[in-house]
Amino acid sequence: MTIQIQNKEEYENIYNRSVNDPEGFWGEMADTFQWKKKWNKVCQWEFDTPDVKWFVGGELNITENCLDRHVATKGDQVALLWEPNEPDAPALSYTYKELLAEVCKCANALKEMGVGKGDRVCFYMPMVPELAIAVLACARIGAIHSVVFAGFSAQALADRIIDAQAKMVICSDFNRRGQKFIPVKQVVDDALALGVDCVEKVIVSTLDSENTTVKLTGDKEVWWHDVVNHQADTCPAETMSSEDMLFILYTSGSTGKPKGVVHTCGGYMVYTCFSFRNVFQYKDGDIYWCTADIGWITGHSYIIYGPLLAGATTMMFEGVPTYPDAGRFWEICEKHKVNQFYTAPTAIRALMAKGDHFPEQYDLSRLKVLGTVGEPINAEAWHWYNDKIGKGNAPIVDTWWQTETGGIMISNLGGITEGKPCFATYPLPGIQPCLVDKDGVEVSGNDVEGLLCIKHPWPSMIRTTYGDHNRCKQVYFSAFAGKYFTGDGARRDEHGRYRIIGRVDDVINVSGHRIGTAEVENAINEHDAIIESAVVGYPHDIKGQGIYAYVITDGSIDDEAAFHKELNKVVTQFIGPIAKPDVVQVVPGLPKTRSGKIMRRILRKIASGETSNLGDVSTLLNPEVVQAVMDGAKK
Ligand code: PRX
Numbered sequence: 047m048t049i050q051i052q053n054k055e056e057y058e059n060i061y062n063r064s065v066n067d068p069e070g071f072w073g074e075m076a077d078t079f080q081w082k083k084k085w086n087k088v089c090q091w092e093f094d095t096p097d098v099k100w101f102v103g104g105e106l107n108i109t110e111n112c113l114d115r116h117v118a119t120k121g122d123q124v125a126l127l128w129e130p131n132e133p134d135a136p137a138l139s140y141t142y143k144e145l146l147a148e149v150c151k152c153a154n155a156l157k158e159m160g161v162g163k164g165d166r167v168c169f170y171m172p173m174v175p176e177l178a179i180a181v182l183a184c185a186r187i188g189a190i191h192s193v194v195f196a197g198f199s200a201q202a203l204a205d206r207i208i209d210a211q212a213k214m215v216i217c218s219d220f221n222r223r224g225q226k227f228i229p230v231k232q233v234v235d236d237a238l239a240l241g242v243d244c245v246e247k248v249i250v251s252t253l254d255s256e257n258t259t260v261k262l263t264g265d266k267e268v269w270w271h272d273v274v275n276h277q278a279d280t281c282p283a284e285t286m287s288s289e290d291m292l293f294i295l296y297t298s299g300s301t302g303k304p305k306g307v308v309h310t311c312g313g314y315m316v317y318t319c320f321s322f323r324n325v326f327q328y329k330d331g332d333i334y335w336c337t338a339d340i341g342w343i344t345g346h347s348y349i350i351y352g353p354l355l356a357g358a359t360t361m362m363f364e365g366v367p368t369y370p371d372a373g374r375f376w377e378i379c380e381k382h383k384v385n386q387f388y389t390a391p392t393a394i395r396a397l398m399a400k401g402d403h404f405p406e407q408y409d410l411s412r413l414k415v416l417g418t419v420g421e422p423i424n425a426e427a428w429h430w431y432n433d434k435i436g437k438g439n440a441p442i443v444d445t446w447w448q449t450e451t452g453g454i455m456i457s458n459l460g461g462i463t464e465g466k467p468c469f470a471t472y473p474l475p476g477i478q479p480c481l482v483d484k485d486g487v488e489v490s491g492n493d494v495e496g497l498l499c500i501k502h503p504w505p506s507m508i509r510t511t512y513g514d515h516n517r518c519k520q521v522y523f524s525a526f527a528g529k530y531f532t533g534d535g536a537r538r539d540e541h542g543r544y545r546i547i548g549r550v551d552d553v554i555n556v557s558g559h560r561i562g563t564a565e566v567e568n569a570i571n572e573h574d575a576i577i578e579s580a581v582v583g584y585p586h587d588i589k590g591q592g593i594y595a596y597v598i599t600d601g602s603i604d605d606e607a608a609f610h611k612e613l614n615k616v617v618t619q620f621i622g623p624i625a626k627p628d629v630v631q632v633v634p635g636l637p638k639t640r641s642g643k644i645m646r647r648i649l650r651k652i653a654s655g656e657t658s659n660l661g662d663v664s665t666l667l668n669p670e671v672v673q674a675v676m677d678g679a680k681k
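In short: position in the sequence shown from 1, add 46, done, that's the working numbering.
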């Protein structure tokens with residue numbers, strides 16, 4: 047098994063070794079996995095192109111490492127624990143032996159339906175065990191999974207299916223979230239009607255095959271239970287090259303079109319397992335729970351792959367933190383005796399606002415490590431998490447990373463290296479962060495701020511953006527020569543600990559979800575009355591950032607509240623409810639430079655309620671609109 051660092055001194059030694067001899071270090075880590083053929087070169091790289099390869103020439107199947115190799119030693123240990131939306135419904139569990147059998151059955155069904163190595167399979171599913179099973183089934187046969195968060199709209203789903211040219215969609219009939227009953231299959235139907243012609247088959251799973259109201263039509267659509275249940279429970283694991291694609295995951299950037307971030311088999315396997323074991327300090331017999339959705343990278347790396355590679359018991363939860371009440375997370379922690387708990391600041395803030403009496407009702411004494419991810423955590427939320435949930439006994443790991451990094455990059459290691467409120471602190475072994483100024487000059491020393499870059503490749507880094515390698519180069523590797531640019535600003539304190547300040551590009555982080563301002567603008571612009579729009583983020587007490595839309599209309603709007611609802615509808619139609627603007631302000635004009643570029647800096651300040659220090663506006667093409675925008679600003 048991959049090493050687990052035991053104390054600060056060991057962290058320092060291993061970190062130094064990983065930087066001085068990356069190949070030696072990662073070669074040793076990779077040696078702890080099951081390979082079908084050993085690699086002949088640990089790392090081969092060039093950032094300019096970019097062309098990054100890890101464990102070159104190696105062959106493996108990640109599911110043999112997630113499942114088969116554990117069956118021999120811990121086949122009867124629970125691998126996957128599932129807590130349903132309804133608190134009274136029974137939880138489900140799958141031992142390593144059972145999970146392997148289910149994955150093989152699903153893999154056989156996929157093969158029977160014509161899915162093979164290299165084919166793309168798109169997922170649009172709630173948090174049910176079938177999602178984890180089918181994702182692993184794809185990996186088993188070498189198909190590339192592309193999981194789309196089930197809150198995205200039909201249009202957003204169609205765009206992602208088409209971009210990946212997916213041959214199959216796997217979905218469910220409904221999604222049960224709290225008291226909501228969301229018609230998932232209907233969204234898939236709507237998506238496929240939007241000019242999608244690559245999909246040959248749709249597999250639909252249901253939690254209630256007797257009573258489901260969904261009716262399948264034609265040969266294209268099949269029920270999961272009809273095609274999977276009767277299959278043999280063994281399936282050979284396809285031989286994959288280390289650099290074969292494992293999955294695509296779409297994420298937002300500065301442009302209107304989401305990018306398909308590509309991760310490959312070998313490096314992703316080594317790094318997610320290594321980071322999981324070290325950050326969460328998982329010990330045999332522990333119960334680990336990450337509350338993320340598998341539709342995001344956190345769910346991929348730290349619900350499915352990292353924990354299973356490490357032979358852990360990983361839990362997934364179908365519901366929401368506030369159903370039936372705001373004590374649900376803590377009730378589940380008590381019920382399943384959770385030892386490591388990993389969630390997002392937005393959830394912590396939302397639950398904090400509901401009052402201390404919720405966590406106080408439950409026994410949280412088994413919690414050993416608490417994690418946070420997705421956005422900067424504010425001091426108040428950090429202290430509440432530490433005091434009310436961890437009772438001062440469970441270190442908080444503030445884990446900074448990205449869809450593109452595949453795994454946790456900067457974080458304290460639970461109980462091993464010290465945490466600091468609001469600081470992700472130190473890089474993991476093998477990770478070489480640096481700060482640069484806007485000209486790309488490295489900012490040296492401590493107690494400094496800059497743009498966060500990474501200097502040396504790490505095994506789970508992005509390899510390409512699907513179907514558009516040049517975009518990958520432009521977005522991540524062209525800003526600063528020889529470095530991966532994260533898009534985040536950061537501060538390094540006097541001890542070299544990193545604090546992530548937030549995005550420096552046109553990406554907003556709403557409740558830990560990345561949303562491109564251009565995507566929201568494109569959606570808003572679909573409304574007939576819109577002439578032009580500009581979307582920025584502003585500080586929001588619960589969500590971290592809210593979405594503020596400035597819009598120029600054709601003058602036909604009388605009722606602004608009704609208009610806001612209409613805009614919500616178009617945004618929901620084109621992206622999904624997560625991108626609905628919190629504030630809409632009708633403006634007479636947008637501040638622009640002489641070259642016609644919208645001055646977002648000014649709009650961001652006004653949206654944040656900062657009106658005294660707008661900087662120099664004299665170079666604007668239309669300085670007079672600034673006052674008008676300020677006068678109409680909404681709190
Ligand atoms: O701005 C950073 C923020 O989330 C961005 C990455 O978003 P995404 O690819 O959706 O992945 C989220 C889950 C890994 C980063 O560029 N972010 C992530 N973790 C933190 C964070 N900001 C501050 N502190 C963190 N711990």
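We put the CB at the ideal spot given by N, CA and C, even for glycine.
Here the structure is a predicted model, which means the values were calculated and not measured.
When the Cα atoms are used, E495 and Q591 turn out to be separated by approximately 21 Å. Pairing D485 with L497, the inter-Cα distance amounts to about 10 Å. H271 counts as exposed, since fewer than 16 other C-beta atoms from the protein chains shown sit within 10 angstroms of its C-beta. With contacts defined by Cβ atoms closer than 9 Å, C336 and G417 form a contacting pair. Secondary structure of C336 (DSSP, three-state): strand. Distance from the Cα of S506 is smallest, within the candidate group A185, M315 and P467, for M315. P282 counts as exposed, since fewer than 16 other beta carbons sit within 10 angstroms of its beta carbon.
A straight-line Cα-Cα distance of about 26 Å links I108 and Q52. The C-alpha of G299 lies about 43 Å from the C-alpha of A118. Contact residues of ligand 1 (beta-carbon closer than 7 Å to any heavy atom; chain order) are T297, W342, I343, T344, T418, V419, G420, E421, P422, I423, D444, T445, W446, W447, Q448, T449, E450, A470, T532, G533, D534, I546, G548, R549, N555, G558, H559 and R560. By the C-beta criterion, the region 544-562 is judged to be in contact with the region 418-427, since at least 3 inter-stretch pairs fall below 8 Å. In this structure N385 is buried. Its beta-carbon is surrounded by 16 or more other beta-carbon atoms within 10 angstroms.
Bounds of any beta strand (DSSP E) do not take in F198, whose DSSP letter is neither H nor E. Taking the C-beta atoms as reference points, A653 is found nearer than 9 Å to V582. Comparing C-alpha distances from R537 to each of V672, F526, G528 and R549 shows the shortest one belongs to R549. Taking the CA atoms as reference points, G306 sits about 8 Å from A210.
Pairing T511 with G436, the inter-Cα distance amounts to about 39 Å. In the displayed model, D402 falls within coil according to three-state DSSP, outside both helix and strand.
In this structure, P467 sits near N432, with a CB-CB distance shorter than 9 Å. The three-state reading of DSSP puts I49 in coil, since its state is none of H, G, I, E or B. D444: not part of any alpha helix (DSSP H); member of the beta strand (DSSP E) spanning I442 to T445, first to last residue. Per DSSP, the beta bridge partners of R166 are I190. Taking a 10 Å sphere around the C-beta of S579, we find 16 or more other C-beta atoms and assign the residue as buried. A Cβ-Cβ separation of about 5 Å places T285 in contact with K82 under the 8 Å criterion.
With a contact defined as Cβ atoms closer than 8 Å, V632 and I648 miss out at about 17 Å. If you look at K305, you'll find it in the beta strand (DSSP E) that goes K305 to T310. In terms of CA proximity to N257, F220 leads the group H573, K519 and F220. In the three-state scheme derived from DSSP, where H, G and I count as helix and E and B as strand, P585 is classed as strand. Judged by their CB atoms, F620 and S199 are nearer to each other than the 9 Å cut-off. Under DSSP, E488 takes part in a beta bridge, and its partners are V482. Counting along the chain, the unbroken alpha helix (DSSP H) around N62 starts and ends at K54 to N66. D122 is the residue among Q673, L106 and D122 whose C-alpha sits nearest the C-alpha of Y142. In summary, L481 is buried, with 16 or more beta-carbon neighbours lying within 10 Å of its beta-carbon over all protein chains present.
Here the region 468-477 lies against the region 57-65, with 3 or more beta-carbon pairs under 8 Å apart. Spatial neighbours of C244 in its own chain (CB-CB distance under 8 Å, excluding positions within 5 residues in sequence) are listed in chain order as I207, I208, Q211, A212 and K213.
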